[in-house]
Structures are given as structure tokens and as C-alpha cells.
Amino acid sequence: MTEGGESRESCESASTSADEDDDRSGKRSAYESLLKITREQIEEAQRELCLIKLCWPEVDRARDLYLKSLPSSYCTVTDKEKLLAWYAENFRRQFHAKYPERKPLLLMCENECGVQ
68 MTEGGESRES
78 CESASTSADE
88 DDDRSGKRSA
98 YESLLKITRE
108 QIEEAQRELC
118 LIKLCWPEVD
128 RARDLYLKSL
138 PSSYCTVTDK
148 EKLLAWYAEN
158 FRRQFHAKYP
168 ERKPLLLMCE
178 NECGVQ
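Everything in the sequence shown is counted per my numbering, starting at 68 for the first residue and increasing by one.
1. Return the CA-CA distance between Tyr141 and Glu177, expressed in angstroms with no decimal places.
2. Can you tell me the Cα-Cα spacing of Gln113 and Val182, whole angstroms?
3. Cβ atoms of Arg159 and Leu137: under 8 angstroms apart, would you say?
4. Using beta-carbon positions only, say whether Phe162 and Leu151 come within less than 8 angstroms of one another.
5. Please state if the CB of Leu116 and the CB of Ala164 are separated by a distance shorter than 8 angstroms.
6. Measure the alpha-carbon distance for Arg95 versus Arg169 and round it to whole angstroms.
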């Protein structure tokens, strides 16, 4: 009977190891699915942060006497200023994504001509 008992024991240990393998593969698949969700969320956040939507309205200087007295640089935006505005907006979005509970940053605002 010891042989039968030993064979039962080895049979049980074999089934236990199979159960452990199933548990491990289940844990791996659950972990991989969590990683997949995390990767998808990260990629989505990266796409959102890379999209920068800025607009520069053209100001009609002829309609206002005050605007006529200002230099033309107040009503136009150079390419360097646009590039800096894009960097500032990208930083603002990243900051908001990392710290959503904080107040939004004011990095640039419109001047008296309505130009950002």
C-alpha cells in the first residue's frame, strides 16, 4: 500500500503543480492586461499632450484709435513667439496632466490688442 500511497501523493503533487502553473499564468495574463491598459493610457496621454491648439487672431487696427497708436509688434506674433507659446502650452498641459487637482497655470495671456 505504500506504493499506492506514494503514487497518490505524486499524483496530487502533479495536479497541485498544474494548478500552480494555471495560477501563475492567470496572474501573468492579469498583470499583462494591466500593463496593456497602462500603456494605452500613457499613449493616449502622450497624444493629447502633443496636440497643441493655439490661435492668433488678426486684429483690425483700423477700427480703434488706441490700437493705431501702438507699435505693430503689439498686434502681430513672430514665429519665435509662436514657438515659445507652443512650448508654454505643452508645459501647461503636461503640468495639468500630472497635477490635475492644482490650479491651472497662467503662462501667457492676451495683451491689449487681443494677441496671445
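Glycine is no exception: its CB is placed at the ideal position from the N, C-alpha and C atoms.
Working from what's here:
1. 10 angstroms
2. 28 angstroms
3. no
4. no
5. yes
6. 36 angstroms
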